[in-house]
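Note sheet for the following structure.
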Amino acid sequence: MAPARNDELFNSGHEPVAVKPKPITQGRLMHRSLVQQPSMVKSAEGINLRLAGGQTVIDACGGAAVALIGHANEEVIEAMAAQARKVSYVHTQAYTTQPAEELADAVLSGNRHGLERAFFVCSGSEAVESALKLARQYHFERGQPQRLHLIARRQAYHGNTMGAMSVSTVGARKVPYEGFCYPHVSHVSPAYAYRCQRRAESEAAFTARLLAELEAEFQRVGPDRVVAFIAETVVGATAGCVAPPRGYLGGVRDICTRHGALLILDEVMCGTGRTGTFFAFEQEEGVVPDIVTVAKGLGGGYGPIAGVLVHEGVVDALRSGSRAFNHGHTYQAHPVACAAALAVQKIIRRDGLVERCARLGGELGRLLREELESCRTAGDVRGRGLFWAVEFVKDKGTRETFEPAQRFGLRIQERAFEKGVALYPGAGTVDGTRGDHVLIAPPFTTTEEQLGQICRKRKRRKRRKRKRKKKKKKKKKKKKKKRKRKKKKKKKKKKKKKKKRYTRGKTWD
Numbered sequence: 001m002a003p004a005r006n007d008e009l010f011n012s013g014h015e016p017v018a019v020k021p022k023p024i025t026q027g028r029l030m031h032r033s034l035v036q037q038p039s040m041v042k043s044a045e046g047i048n049l050r051l052a053g054g055q056t057v058i059d060a061c062g063g064a065a066v067a068l069i070g071h072a073n074e075e076v077i078e079a080m081a082a083q084a085r086k087v088s089y090v091h092t093q094a095y096t097t098q099p100a101e102e103l104a105d106a107v108l109s110g111n112r113h114g115l116e117r118a119f120f121v122c123s124g125s126e127a128v129e130s131a132l133k134l135a136r137q138y139h140f141e142r143g144q145p146q147r148l149h150l151i152a153r154r155q156a157y158h159g160n161t162m163g164a165m166s167v168s169t170v171g172a173r174k175v176p177y178e179g180f181c182y183p184h185v186s187h188v189s190p191a192y193a194y195r196c197q198r199r200a201e202s203e204a205a206f207t208a209r210l211l212a213e214l215e216a217e218f219q220r221v222g223p224d225r226v227v228a229f230i231a232e233t234v235v236g237a238t239a240g241c242v243a244p245p246r247g248y249l250g251g252v253r254d255i256c257t258r259h260g261a262l263l264i265l266d267e268v269m270c271g272t273g274r275t276g277t278f279f280a281f282e283q284e285e286g287v288v289p290d291i292v293t294v295a296k297g298l299g300g301g302y303g304p305i306a307g308v309l310v311h312e313g314v315v316d317a318l319r320s321g322s323r324a325f326n327h328g329h330t331y332q333a334h335p336v337a338c339a340a341a342l343a344v345q346k347i348i349r350r351d352g353l354v355e356r357c358a359r360l361g362g363e364l365g366r367l368l369r370e371e372l373e374s375c376r377t378a379g380d381v382r383g384r385g386l387f388w389a390v391e392f393v394k395d396k397g398t399r400e401t402f403e404p405a406q407r408f409g410l411r412i413q414e415r416a417f418e419k420g421v422a423l424y425p426g427a428g429t430v431d432g433t434r435g436d437h438v439l440i441a442p443p444f445t446t447t448e449e450q451l452g453q454i455c456r457k458r459k460r461r462k463r464r465k466r467k468r469k470k471k472k473k474k475k476k477k478k479k480k481k482k483r484k485r486k487k488k489k490k491k492k493k494k495k496k497k498k499k500k501r502y503t504r505g506k507t508w509d
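Residue numbers (full-length UniProt numbering): 1 to 509.
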């Protein structure tokens, strides 16, 4: 396979790019693209971003579903400053800090679903990497060193570090690293109803087929060789807010338990309240994972922080064995980042923002469906809480995608940005190459009026389009009428001329 060009690598994943970017002319910062300059943000407050050029943009995607409580929250800023004055950094091999201990208590309060311990790192990729290593160590401690294999799903994104990327299937991002990733990984079909459920197939039959495929994969690999099955509870940026069908995750849990493999749920994007419950898996009856990863919404963007939440069964295995997790980072449980995340979580709980997210999510879904009902290219509108996506198609009936070269999702992002709304575009929705979508994931503090503004931006475009269409139609009608009148006049003239000729040649007695 020929190596992808830089612009392909930059744009064919699922991350937003600079809208109408300018060539890089100065500065030494290495951006993701070496040829495109991202938009400069001068300040941010609430749900608004203010750009260097003076434009104000509504942050309708919270960055990357990160800004849960909006930008420039004074309470969080003060908590960070206070912690920096006390203890800005210590190494966790020898020390701990109050905000780190309190954050673990806050996230796991009430011993949620048997999750006993929290391990804090700096990013979602690090959290997934840690979870994979922890799962492997769990089996090693229990005398099962032959367990080396990981099962994941296609159309999944779990991070950019080597282990996390190995269990992911994001086309262009993996091209330079083919053959360099972890080899003991296999993938099964995604629980992606819009694309994978057959036309005459019921939801129950679709679920049964997916579970049968997973069971078959366990048998192919050898059940006693599987470390874990990893999946995003609600698929985030890669396929665009794809929730599992009823009974799917419960069935996955049963298969993992039966074969002694761990279940890792990646809630880096969909967790910490984003879908209307603190954990997205809480909406799936009877599902208790062994390890959960959270990140983006944990600190709400105020500090680089992510978490690995571990079930008591896994902790017990380590406690009975080596009595340590053989893994760590220099900036693990960073005091200032933990203070920021603790302040964010306190605000969310105090102000009932998870419940608000669930309520506003219903309104956002209604507005999107109402606005996009007549849109010929909006194939599917889906989501939970304040985590929604629109998948675009060329033909609603056949669900045919646009050509990748058209970059339809990016064009939608550009158009929205021109109107003052920042969306999160995705490409390769269907199979890593074909398909386009955009994410809408505003902060939990967004008002109903602001939700209306986000959706009405499109409405205004629609009105203008209708007006132009009407004007065009009127003009066409006028032209047609004029042509008809002209034709009639010409015909009349011709008739008159003929009559005159006949009269002139006639003789009278």
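By construction, the Cβ of each residue, glycine as well, lies at the ideal position given by its N, Cα and C atoms.
Check                                                                                                                                                                : Outcome
Can you list the beta strand (DSSP E) stretches of 3 or more residues lying completely in the stretch 121-162, in chain order?                                       : 149-153
Measuring only from the beta carbon, is Ser43 closer than 7 angstroms to any heavy atom that is part of the ligand GTP?                                              : With respect to small molecules bound, the structure shown includes none, and the ligand GTP cannot be examined in it.
Closer than 7 angstroms by C-beta to Arg278: which residues in its own chain qualify, once you throw out the five before and the five after it? Chain order, please. : Looking at the sequence provided, one finds Phe at residue 278 rather than Arg. Cβ within range, chain order: Thr272, Val354.
To the nearest angstrom, report how far apart Thr330 and His91 are at their CA atoms.                                                                                : 7 angstroms
Provide the residue span of the beta strand (DSSP E) that contains Ala228, from first to last.                                                                       : 226-232
Does the stretch 258-274 come within contact of the stretch 228-236, defined as at least 3 CB pairs closer than 8 angstroms?                                         : yes
What whole-angstrom Cβ distance do Glu129 and Ala164 have, given they're in contact under 8 angstroms?                                                               : 5 angstroms
Please confirm whether Phe325 and Leu386 have their CB atoms less than 8 angstroms apart.                                                                            : no
Is Ala52 near Leu150, with beta carbons less than 8 angstroms apart?                                                                                                 : no
Classify Gln98 as helix, strand or coil using the three-state DSSP reduction.                                                                                        : helix
Identify whether Gly379 lies in helix, strand or coil by the three-state DSSP scheme.                                                                                : strand
Less than 8 angstroms between the beta carbons of Gln295 and Ala127, yes or no?                                                                                      : According to the sequence provided, residue 295 is Ala. The question's Gln does not apply to it. Yes, these two residues count as a Cβ contact at 8 angstroms.
In whole angstroms, what separates the C-alpha of Lys491 from that of Arg483?                                                                                        : 12 angstroms
Looking at the secondary structure, which residues open and close the beta strand (DSSP E) in which Leu49 lies?                                                      : 48-51
Straight-line CA distance for Asn48 to Leu318?                                                                                                                       : 46 angstroms
Quick one, are the C-beta atoms of Val41 and Arg50 less than 8 angstroms apart?                                                                                      : yes
Which term fits Ser186, buried or exposed, when burial requires 16 or more other beta carbons within 10 angstroms of its beta carbon?                                : exposed
Could you check which residue in Arg274, Asp431, Val288, Arg376 has the C-alpha nearest to that of Gly251?                                                           : Val288
Tell me which residues share the same chain as Pro304 and place their Cβ nearer than 7 angstroms to its Cβ, disregarding the 5 neighbours each side in the sequence. : Cys122, Ser123, Ala337
What number of angstroms, rounded off, separates the C-alpha of Arg154 from the C-alpha of Pro245?                                                                   : 16 angstroms
So which of Leu108, Phe120, Ala81, Gly114 has the shortest CA-CA distance to Thr96?                                                                                  : Phe120
Using the beta-carbon count (16 or more within 10 Å), is Arg384 buried or exposed?                                                                                   : buried
Taking just the CA atoms, how far does Ile69 sit from Ile348?                                                                                                        : 8 angstroms
Do His311 and Glu116 have their beta-carbon atoms positioned less than 8 angstroms apart in this structure?                                                          : yes
Would you mind giving the Cβ-Cβ distance between Ala378 and Glu75, rounded to the nearest angstrom? I have them listed as a contact below 8 angstroms.               : Their Cβ separation, rounded to whole angstroms, is 38 angstroms, which puts Ala378 and Glu75 out of contact at 8 angstroms.
Measure the alpha-carbon distance for Lys489 versus Lys481 and round it to whole angstroms.                                                                          : 12 angstroms
Identify every residue that forms a DSSP beta bridge with Pro425.                                                                                                    : Val438
Kindly indicate the opening and closing residues of the beta strand (DSSP E) around Val41.                                                                           : 41-45
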